[in-house]
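Asker:
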Amino acid sequence: MSGKTKKNLLTGLALIPLLWILIGFILYPALNTLAISLFTEKGFVLDYYQQFFTYTKNMEAFGNTILIGFATVLICGVIGTALAFFTNAFEFPGKRLVNLMLLSPIMLPGVVTTLVFMQLYSESGLVTKTVQLLFSMNEPPFELKGFWGIMFIHAYTQYIFFYVNISAGLKRIDYSLIEAAKNMGASNWNVFRTVILPLMTPALVAASILTFMTAVGSFAAPALVGGSFRVMSVQILMSKVNNFIELAAVQGIMLSLISILFLLFMRWYESRKDYTISTKGRVVGTIKIEKAWMKWIFGILSGTVVLMIILPVFALILLSFVKQGTWIAEIYPTQFSLENYTAFFTEPRVMQPFINSFNMAVLSTALAVVVGSISSYIIIKTKLKVKWLIEVLVLLPWALPASTVAINMVIGFNVPTVFTFNQVLAGSYWILPLTYFVGMLTLIVRSTNASLLQLHSSIEEASRSLGASWFATFRKIVIPIAMPGIMAGALLGFVGALGDYTSSALMYTVHNVPISVEMISKMYNFNIGLSMTYGVIQVVITAAIILLSQKLGKIGDFKF
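As structure tokens, this is what we get:
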């Protein structure tokens, strides 16, 4: 059997289980949700859509979700872009520390950030009460609630999309373009408006898409501090809890519609012009701050930024040492000990939620690595006619909010199906890790694609010409080259699964209570110290994994 024949045979054999998984756990749940929303025993109906559009609270949540999405993009765009210019355009003391601090929010899972912000900025929060005492106010000066409470948390957690993308874009700008514009008499403002800003469009579009899709799918902040400000992700949970599955299906579809329409609009906007730079000159440098008064200004700005970023992390660590039952009526905690960490590492009951999350994250990541790696190889390195379908299927979960993916899985597998070998998965242990798998698959495929694109076909051909079999070439050349991308995507996917709250809140059972759900349970049972201890454990693991993933390789850009 020739090498080419063996390759085609192995690829064909791999396609069968691959398509079974992709169609069964991505396409089928999505189509089934659509069918549930449109068909009943009486046939095709629009009753559930009519119920959605005529129910005031649904329409209120729909409008609020769109508002949250655009407002988050606007606020995070201003903050992230300003910080990117601040750290990339100027050279000032403490710049490396500021840059490191600005990247740190990525290490805090959304539910951890929300709970810490509640302890800092809620009506009885540490910062709120401190300001109230300092200025002798009768009422709290602010509260973490409603629209502005959600936006405050989003601003902290999502500005990083703009900061990272704009920073990368600024480092690629050719200074000769700026010089040419100035030589033609353009002012600094006109240079910024007509040269720099247009060249930043791809980065702005990419950041806007990520921010908008994350914001409209946000669950932790709206659920915990939103109060009467309803959004679609929370409405889906309420419908599911009250067993209005058909209405939950419609809500999931409408939430997806918001994301997909914004995605298509931004891609259309970006495609109107060509942003390719044809010249090859030196990149834009930095402006060194030398005047003493300017150094003071930059020092104050840097200190303020670092304080705002580091305060939640400091509060998380400090509150993890609070003894249970000792901080209820007091403004500030007064008793600290190691009992929360001792309980976590010595009491199986306390550690069990972490073990549950860890095991489910490992299972989902392992499956995503296998499926994602094979999918990536087929997409990048083969000419199979079916690869377009595989690419669409692995990208689909990224275009859908996490709440929609979760409700698709609940609706799709609350009855026996051929894809689950006639088993009901909804309500079982396995539904949650499978949902995690679907959510992280796109990330692993894209990061693996980035590595495989570096593998020129001539390298494989050279190996084959030297007598190596296709399998030996794949094992000794393809896999080692792809491994940094695979591992980088897998590590970040694992982090996302470990700290997930959106899917977990919709799907957990008594047998697999995840750490995010347990954190909130402990918080509302006034065991704040143990709740924060869970958060510290997550942050430490997340930080270690992110640092490791950065050493393994770059994550592929999400382009649609």
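The sequence shown: position 410 = 410 (this note's numbering), numbered continuously. Glycine included, every Cβ here is placed at the ideal spot set by N, Cα and C.
(1) Between Ala361 and Ala497, how many whole angstroms is the CB-CB distance? I'm expecting something under 8 Å.
(2) DSSP state of Ile78, grouped into three classes?
(3) Based on DSSP bridge pairs, tell me the residues matched to Gly43.
(4) Please go through the same chain and pick out, in chain order, the residues whose beta-carbon is closer than 7 Å to the beta-carbon of Val131, but skip the five residues on each side of it.
(5) Using only the alpha-carbon positions, how far apart do Ser122 and Thr128 sit?
(6) Taking 7 Å as the limit between beta carbons, can you name the residues of its chain near Thr214, skipping five residues before and five after?
(7) Smallest Cα separation from Val305: which of Arg96, Leu338, Ile431?
(8) So, under 8 Å CB-CB, Phe413 and Thr420 are touching, yes? Tell me the CB distance rounded to an integer number of Å.
(9) Would you give the residue range spanned by the alpha helix (DSSP H) that Leu261 belongs to?
(10) Here's a check: name, in chain order, each residue in its chain whose Cβ is nearer than 7 Å to the Cβ of Gln538, leaving out the five neighbours to either side.
(11) Mind checking Lys381: buried by the 16 CB within 10 Å criterion, or exposed?
(12) What are the residues that DSSP puts in a beta bridge with Glu139?
(13) Have a look at Ser302, Met118, Lys145, Ser228 and flag the residue whose alpha-carbon is nearest the alpha-carbon of Met100.
(14) Return helix, strand or coil for Phe624, following the three-state DSSP convention.
(15) With a Cβ-Cβ cutoff of 8 Å, do Leu492 and Leu443 count as a contact?
(16) State the Cα-Cα distance for the pair Phe161 and Glu41, rounded to the nearest angstrom.
(17) Alpha helix (DSSP H) containing Arg96: first to last residue?
(18) Indicate the three-state DSSP secondary structure (helix, strand or coil) for Phe92 in the structure shown.
(19) Taking one C-beta from the segment 222–238 and one from the segment 145–153 each time, how about it: are there three or more such pairs within less than 8 Å?
(20) So the alpha helix (DSSP H) Leu395 belongs to, where does it begin and stop?
(21) Among Ala82, Gly217, Glu270, which residue has its Cα nearest to the Cα of Ile253?
(22) Buried or exposed for Pro401, please, with buried defined as at least 16 other CB atoms from any protein chain shown within 10 angstroms of its CB.
(23) Considering Arg446, what are the terminal residues of the alpha helix (DSSP H) in which it resides?
(24) Taking just the CA atoms, how far does Ile390 sit from Ser375?
(25) Answer with yes or no whether the minimum CB distance from Ile106 to chain C is below 8 Å.
(26) Distance check for Tyr436 and Ala61, CA to CA, integer angstroms please.
(27) Kindly indicate which residue of Lys387, Met440, Val510 has the alpha-carbon position closest to the one of Ala488.
(28) Ordered along the chain, which non-local residues of its own chain (more than five positions away) have a Cβ less than 7 Å from that of Leu13?
(29) So, with DSSP's three-state summary, where would you put Val415?
(30) Kindly give me the distance between the Cβ atoms of Asn32 and Ile411, rounded to whole angstroms, as I take these residues to be in contact under 8 Å.
(31) Can you have a look at Phe69 and say buried or exposed, based on whether 16 or more other CB atoms are within 10 angstroms of its CB?
(32) Looking at C-alpha atoms only, which residue of Tyr156, Thr201, Val234, Arg193 is the closest neighbour of Arg172?
(33) State the Cα-Cα distance for the pair Ile236 and Gln251, rounded to the nearest angstrom.
(34) Within 10 angstroms of the Cβ of Thr279, are there 16 or more other Cβ atoms? Answer buried if so, exposed if not.
(35) Would you mind sorting Tyr501 into buried or exposed? The rule is 16 or more other CB atoms within 10 Å of its CB.
(36) Could you check the C-alpha separation between Gly427 and Leu255 for me, to the nearest Å?
Answerer: Straight from the coordinates:
(1) Looking up residue 361 in the sequence shown gives position 361. Looking up residue 497 in the sequence shown gives position 497. Sure, about 4 Å apart at Cβ, within 8 Å.
(2) Locating residue 78 in the sequence shown gives position 78, counting from the first residue. Residue 78 is actually Val in this sequence, not Ile. Reduced to three states, the DSSP call for Val78 is helix.
(3) Taking the first residue of the sequence shown as 1, we reach residue 43 at position 43. Bridge partners of Gly43 according to DSSP: Thr40.
(4) Reading the sequence shown from its first residue, position 131 is the one you call residue 131. Pro141.
(5) Against the sequence shown, residue 122 aligns to sequence position 122. Against the sequence shown, residue 128 aligns to sequence position 128. Looking at the two C-alpha atoms, the distance is approximately 7 Å.
(6) Against the sequence shown, residue 214 aligns to sequence position 214. Here the set comprises Gln158.
(7) In the sequence shown, counting from the first residue as 1, residue 305 sits at position 305. Comparing Cα-Cα distances from Val305 to each of Arg96, Leu338, Ile431, the minimum goes to Arg96.
(8) Indexing the sequence shown from 1 puts residue 413 at position 413. Indexing the sequence shown from 1 puts residue 420 at position 420. Indeed they touch by this definition, with Cβ atoms about 6 Å apart.
(9) Taking the first residue of the sequence shown as position 1, residue 261 is located at position 261. Segment 245–271, the alpha helix (DSSP H) holding Leu261.
(10) In the sequence shown, counting from the first residue as 1, residue 538 sits at position 538. A distance below 7 Å between beta-carbons, with the five flanking residues on each side excluded, links Gln538 to the following residues of its chain, in chain order: Pro109, Val112, Leu498, Gly499, Ile515.
(11) For the purposes of this step, residue 381 is taken as residue 381 along the sequence shown, with counting starting at 1. Answer is buried; the Cβ neighbour count reaches 16.
(12) The residue you call residue 139 lines up with position 139 of the sequence shown. None, per the DSSP bridge assignment.
(13) As a first step, residue 100 is located in the sequence shown; it is residue number 100 there, counting from the start. One detail in the question is off: residue 100 reads as Leu in this sequence, not Met. It is Ser302.
(14) As displayed, the chain neither begins before 1 nor continues past 560, which places residue 624 out of reach and without an answer.
(15) Reading the sequence shown from its first residue, position 492 is the one you call residue 492. Reading the sequence shown from its first residue, position 443 is the one you call residue 443. A Cβ-Cβ contact shorter than 8 Å links Leu492 with Leu443.
(16) Working through the sequence shown from its first residue, we reach residue 161 at position 161. Working through the sequence shown from its first residue, we reach residue 41 at position 41. Cα to Cα, Phe161 sits roughly 45 Å from Glu41.
(17) Here residue 96 refers to the residue found at position 96 of the sequence shown. Where Arg96 is concerned, the enclosing alpha helix (DSSP H) stretches over 95–103.
(18) Walking along the sequence shown from the start, residue 92 turns up at place 92. Three-state DSSP puts Phe92 in coil, outside helix and strand.
(19) yes
(20) Numbered from its first residue, the sequence shown carries residue 395 at position 395. Start and end: 387–399.
(21) Mapped onto the sequence shown, residue 253 falls at position 253. If we check each option's Cα against that of Ile253, Gly217 comes out closest.
(22) Taking the sequence shown and counting its residues from 1, the one referred to as residue 401 is at position 401. Pro401 is buried by the Cβ-count criterion.
(23) In the sequence shown, counting from the first residue as 1, residue 446 sits at position 446. Note, Arg446: alpha helix (DSSP H), 431–452.
(24) What you label residue 375 is simply residue 375 of the sequence shown in a count that begins at 1. What you label residue 390 is simply residue 390 of the sequence shown in a count that begins at 1. Straight-line Cα distance between these residues: approximately 7 Å.
(25) Absent from the structure: chain C. Only one protein chain is present.
(26) As a working mapping, residue 61 is identified with position 61 in the sequence shown. As a working mapping, residue 436 is identified with position 436 in the sequence shown. If I take the Cα positions, the gap works out to 26 Å.
(27) In the sequence shown, counting from the first residue as 1, residue 488 sits at position 488. Of the candidates Lys387, Met440, Val510, the one whose C-alpha sits nearest the C-alpha of Ala488 is Met440.
(28) Here the question's residue 13 lines up with position 13 in the sequence shown. Closer than 7 Å at the Cβ level, and outside the excluded window around Leu13, lies no residue.
(29) Along the sequence shown, read from residue 1 onward, the residue named residue 415 stands at position 415. Note: Val415 maps to coil in three-state DSSP.
(30) Here residue 32 refers to the residue found at position 32 of the sequence shown. Here residue 411 refers to the residue found at position 411 of the sequence shown. Asn32 to Ile411, Cβ: 6 Å. Contact.
(31) For the purposes of this step, residue 69 is taken as the residue at position 69 of the sequence shown. Here residue 69 is Gly; the residue named in the question, Phe, does not match the sequence. With 16 or more other Cβ atoms within 10 Å, it is buried.
(32) Residue mapping note: residue 172 aligns to position 172 of the sequence shown, counting from 1. Among Tyr156, Thr201, Val234, Arg193, the Cα nearest to that of Arg172 is on Thr201.
(33) Counted from its first residue, the sequence shown places residue 236 at position 236. Counted from its first residue, the sequence shown places residue 251 at position 251. Note on geometry: alpha-carbon atoms of Ile236 and Gln251 lie some 6 Å from one another.
(34) Here residue 279 corresponds to residue number 279 of the sequence shown, with the count starting at 1. Per-residue confidence for Thr279 stands at a pLDDT of 49, beneath the threshold of 50, marking its modelled position as unreliable; no derived number is given.
(35) Translated into positions along the sequence shown, residue 501 becomes position 501. Per the 10 Å Cβ criterion, buried.
(36) As a working note, residue 427 is residue 427 in the sequence shown. As a working note, residue 255 is residue 255 in the sequence shown. Roughly 24 Å separates the two Cα atoms.
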